[in-house]
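Before any comments, here is the structure.
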Amino acid sequence: MILTNKFHVEYDFALIDRDYDIFLVEKPGYLDKTNILDLATQRFLARAVQYSFGRKALLLFDKNDISEKQFREAIETDYPDATVKKLDILNEDIRKQSFYYQNRLLLQLLVNSIRVPRMEGFSYNNLTGKFFYGDPSWRSRDRKTKQPYSMYFLEISFDPGMYLNLDVRTFRKNKYSKSGRFYLIDPNTGIFRRKLKEDNVRQEDLFTEASFGSSHNTVEYLDFGSFEDFSKCKLGVMEQFLQDVKKYLGQYVTLSAEEREGDQCYKESKKEKDNLSGVDYAVILDKLGVNIVDVCRTEVSERIVSRLVGELQRFYGITPQLGELQESMYNIRVIHKQEYYEEQQLPDPHSDDLHGYIVQHMTQEEHTDLLGAPGEKESPVIHKILVELILKGDVRAGQISIYNWEKLCANKDWTFVQRQRLKAPEGGFEVITNSAGKTTRNRFLYSTVNISPDGRMNFRSFDDTEIAADGFEEKIRYTFDTYEDKQRRGQKDVEGLVFSDIENIHAIIRTKEKTMPNTSAIWKGLKATNVRDAIIRDVVIGALGAYKEFNPADDMYADSLAAVLGEQQPTFTKGELKKLMNMRTKAGKRFNRFLHNEYGIWVSPEIKDSDFSDEYLLENVTDIKYFIDEDTDGEGITSLNYYVGPTKASLQLSIHNASIVRQVQAEEDVEFEELLPLMAVDFVRIGSYTVLPFPFKYLREWANIDCE
DNA sequence: TCGCAAGGTACATGGGGACC
DNA sequence: GGTCCCCATGTACCTTGCGA
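Anchor point for the first sequence: position 388 equals 388 in my numbering, and the numbering is continuous, going up by one each time.
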């Protein structure tokens, strides 16, 4: 079962109507420009405001807390052109009109009303119709005045299609701008809110939505190192949020995450893997030989070169040659970064015509980590450079060598297509009607590669600034345009086309869907095993005695642990106990489970342990998995959906980014399963799988080298 | 070194107010 | 009432962080 951020909602409209009044505010012009929305919450004690943009907003009041008449009068005095209408939410037509698909805006309105007592350290904020969560540690304060000068929040929103998203929003003190939207920390309540007209605050004390310089604030997607870490990552905040929805809105709405059934894991045996991608890079590189060109000839570049030589010899058994560019070799060229040549006003080697050469550049400025001698393990950077060389050589030779394509058992040709937007001339391209019948100003450069069963690659490129040269071009352009057009409503992008039969072209589509583990199980597990919780020594020692009887095979473990514990203080923390128990050993795990089951003392949640994979569903964010959706977007189309996450083996205690679900649609039957092995390769992204079949990597290289 | 997701922002778009 | 210009907006594009 794969959980995703697509949610299903059930409403009890009668109960909502019993307890709340919902108003629709309309005003010509942008509501956001006025203070109407903020007045509602500040002066009239509205429970919540829901606003995205434009001229309409929704307001939530406690039932009969304020009569429709009273509220309307108050608003209309300030804004004569505004209208305030009470909505009859028991009327389905009105709901459809006001709340859209699945009553999304009603849900968001209710959500926006959630407030949590501030002492719980967890703070939600309904900021001009949007819903924010802020953690105290996400504020930077001035050292002297202790006043915040920059902070960020997670905006929690249900996007069209009911995808729950948590996005970082950064605010900072406004230093320069005089126009825009301004915010302040209310001096009385401490709440971060929009500036009202009557607020008399100096310009430089206000906040705007922007960051300092070009830095980005980020929040980890998943961090299960400890309960504290988890409660600060996106999925932890989401889990807390879902619990709060249950607690505060449980009688009105029920939320449940989409459960994608029939999930299949793409797994290849080690033998298959060796067969396909276990290619020896050194053997390939040795065929032409590696040549290092030092263009900089500085002290730094010389050290980088000697590191390269040492590393190549040590880990790959290759002795590179040093000298000038060689047409028949793999060249690594050490140069300065682009800015250097601009500043010095020197000709930039980046723009040298290297047609016919296999060259990989590296800049001395960006490789200060390669100044020392080779380490214990090979440098990922150098590894990547060698892989890039092989790929570039393959493109030039028109033959795949880094992968045993023949052993893929492909008895047919496959074609891969990508397209990039062409840079428009001054004034832009003129408006035309594309082959999907839509008007557009865009023009694209298409690159295609046809791979025959023996791994020969035939590249081709064309653009759509002119009439298609043949039926092939015409069909490709038409298919790309129509797929793209079809996905626009769902805000999905077409990333590429694949086909073995031009009558059955497949599109790979990036969706808004992201996979999740079972966050509530992780929350429970981490909370119950908080490393700071205190434990009484003698209870554990007693338990060890019982454990010896329960499982005599582990008596060595039990005895030595009891001896170590005997030297501890009478009480210590779960964190300390966990270290002593040594959770890497099987005996440690067995004792952990015994303590949990028999004594109700839970020391380690064992989130990564495969025995608990059904509980935590951590595998929903790792490796390659796919499922078939027979009714895609409710349109009766069958699609194959897959995602690629970090490999389970490489998983540490956190994952920075979500895994995005990609969807494969075809004109006829979907035959994409055969291509899944093309993503289980680690040469596109060192140490992890690639998100698109790897021939797209060749296409990118081809587009960079030969298409310019 | 690059791929990938996601944070941040420039800019085309179109409504509304100012001005005639 | 027509025209021009301003400005808020969402989106498309660009940049950063991170990992190996």
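Yeah, the Cβ is synthetic: ideal placement off N, Cα and C, and Gly gets one too. Here the structure is a predicted model, which means the values were calculated and not measured.
Span separating the alpha-carbon of residue i from that of residue j
i	j	result
I541	E258	45 Å
Q360	E701	11 Å
E376	G310	12 Å
I476	K492	19 Å
E673	E272	16 Å
E619	K648	7 Å
T189	R443	53 Å
N5	Q108	15 Å
N518	L222	11 Å
I705	L580	56 Å
S500	S639	17 Å
S157	E76	30 Å
E343	Y483	45 Å
S215	R141	17 Å
R202	R181	14 Å
K527	W138	22 Å
D554	D682	40 Å
Y149	R172	6 Å
E228	E495	38 Å
Reduced DSSP secondary structure (H/G/I, E/B, other) of residue i
i	result
E366	helix
G161	coil
M581	helix
K6	strand
Y248	helix
T632	strand
G496	strand
G393	helix
T638	strand
N91	coil
P380	helix
V681	coil
D712	Residue coverage of the chain in this structure runs from 1 to 708, which leaves residue 712 outside it and unanswerable.
F594	helix
V417	strand
S613	helix
D463	strand
Y100	coil
E619	helix
G134	strand
S328	coil
Contact set for residue i: own chain, Cβ-Cβ below 8 Å, skip 5 residues either direction
i	result
D65	D21, L45
N275	N404, K407
A397	none
S650	G687, S688
E708	Residue placement at E708 cannot be trusted, given a pLDDT of 43 that sits under 50; what the coordinates show is reported in the next sentence. Once the five neighbours on either side are set aside, E708 has no close Cβ partner at all.
H656	T218, E220, Y221
Own chain, CB closer than 6 Å to residue i, minus 5 neighbours either side, in chain order
i	result
A666	N504, H506
S256	H8
F99	L105, L106
S460	Ser is not the amino acid found at residue 460; the sequence shown has Arg there. Same-chain partners within the cutoff: T448.
N450	D413, T415, N458
N592	V603, S604
I709	Limits of the chain in this structure are 1 at one end and 708 at the other, which puts residue 709 out of reach.
Residues of its chain near residue i, where Cβ-Cβ distance is below 7 Å and the 5 sequence neighbours each way are ignored
i	result
Q102	V9, M162
I16	I89, Y252
H383	I686
V168	Y152, L154, N217, T218, V219
L533	Looking at the sequence shown, residue 533 is not Leu but Asp. These residues qualify, in order along the chain: T573, K574.
S379	E311, L370
P646	T622, I655, S688
Residue i - partner residues in DSSP beta bridges
i	result
V49	L59
K173	F207
H361	R333
R456	Q399
Y626	Q264, Y642
M151	R139, F171
Problem - Runs of beta strand (DSSP E) wholly within the stretch 494-528 (minimum 3 residues, chain order) - result: Within the stretch 494-528, the complete beta strand (DSSP E) segments at least 3 residues long are 506-516, listed from N- to C-terminus.
Practice task
Could you name each continuous beta strand (DSSP E) segment of 3 residues or more that falls completely within the stretch 220-274, going from the start of the chain to the end?
Solution key: Along the length of the stretch 220-274, whole beta strand (DSSP E) runs at least 3 residues long occupy 253-260, reported in chain order.
Practice task
Please specify which runs of the alpha helix (DSSP H), each continuous and at least 4 residues long, are wholly inside the stretch 531-576, giving them in chain order.
Solution key: Here the runs fully enclosed are 537-550, 555-566.
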